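So the sequence shown is numbered by this note's numbering: it starts at 1174 and just counts up by one. Below you'll find the structure, written out as C-alpha cells, and then a few comments.
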Amino acid sequence: MNDFEKAYETFFPFWEELNDTDQRLLCQHSSLVHFEKAQMVHDNSGCTGLFIVKSGRLRLYMLSEDGKEITLYRLLPGEICMLSASCVLESITFDVFVEAEVPSDCYMITASAFGEVSERVPAVKIYALETAVGRFSDVMWIMQQVVFMSMDKRLALFLVEDAGIN
1174 MNDFEKAYET
1184 FFPFWEELND
1194 TDQRLLCQHS
1204 SLVHFEKAQM
1214 VHDNSGCTGL
1224 FIVKSGRLRL
1234 YMLSEDGKEI
1244 TLYRLLPGEI
1254 CMLSASCVLE
1264 SITFDVFVEA
1274 EVPSDCYMIT
1284 ASAFGEVSER
1294 VPAVKIYALE
1304 TAVGRFSDVM
1314 WIMQQVVFMS
1324 MDKRLALFLV
1334 EDAGIN
C-alpha cells in the first residue's frame, strides 16, 4: 500500500467501494504538492484538481472587480477542497481563489481522474456534492455576517475564530 492509498483510505468514506482499477487511477494521478505562505493554490485559470490538506492551512476567497476580498472559509489538515476541482461539479459557476495561509502540504488528485471515477461510481459523485453542500453552509454563514451583522460583531467573531486557528 503506497502513501496515497493510506491517505485516501482515511479521507474518503467511499474508498472501499472503489475497485482496484479506480483506486489505482486516483493514486497514479496524485501528487504531493508543497505551497509556501501566500502562494496561490488555485486561481481560476483552469480546473486544478482536488486538494486534501495534509499539513498547513488554505484560505478560499472571492475577489471583486475592484480588488476587495472576502474569505469564504479555511481548510485545515484532513479537509478537502472540492472547489479547486469545480469542473467536476458542473453546477459551480462562480470564481474562487485558494491560497496557502501558512506553508502547506497537500495531496492533489487531477480533476480529470477524479471526474472519471465520479462518473462511474455514484458514491464518489455523492461525496463530492455533499462536500460542496457542506461548504456552501459555511459560505452562507459568512454572507449572513456581512449582510446582517454590524462591523464590531463581525470583528469580534473574526478575532475569536482566528485565535482558535493559531
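Beta carbons: idealized from backbone N, C-alpha and C, even for Gly. Remember, it's a predicted structure, so these values are computed and weren't measured experimentally.
Run of the alpha helix (DSSP H) containing residue i, from where it starts to where it stops
i, result
"E1242", "Per DSSP, E1242 belongs to no alpha helix (DSSP H); it is in the beta strand (DSSP E), E1242 to L1248."
"M1281", "It is not in any alpha helix (DSSP H) - M1281 instead sits in the beta strand (DSSP E) that spans S1277 to I1282."
"V1319", "P1295 to F1321"
"L1198", "D1193 to Q1201"
"E1182", "D1176 to F1184"
Distance between beta carbons of residue j and residue i, contact taken as under 8 Å
i, j, result
"M1281", "V1206", "5 Å"
"I1210", "P1276", "According to the sequence as given, residue 1210 is Lys; it is not Ile. Indeed they touch by this definition, with Cβ atoms about 6 Å apart."
"L1231", "A1284", "L1231 to A1284, Cβ: 17 Å. No contact."
"D1195", "V1290", "5 Å"
"L1245", "V1269", "7 Å"
Endpoints, the beta strand (DSSP E) within which residue i is located
i, result
"V1271", "F1270 to A1273"
Residue i - partner residues in DSSP beta bridges
i, result
"I1338", "BP columns for I1338 are empty, so no partner."
Spell out a yes or no on whether the region 1198-1206 and the region 1229-1241 are touching, meaning 3 or more CB-CB pairs, one atom from each, closer than 8 Å.
At 8 Å Cβ cutoff, the stretches do not touch.
Along the chain, which unbroken stretches of the alpha helix (DSSP H) at least 4 residues long are found entirely within the region 1203-1243?
The region 1203-1243 contains no whole alpha helix (DSSP H) run of 4 or more residues.
Stretch-stretch touch, CB-based, cutoff 8 Å, three pairs: the region 1295-1304 with the region 1181-1190
Contact between the region 1295-1304 and the region 1181-1190 is present, because at least three Cβ pairs lie under 8 Å.
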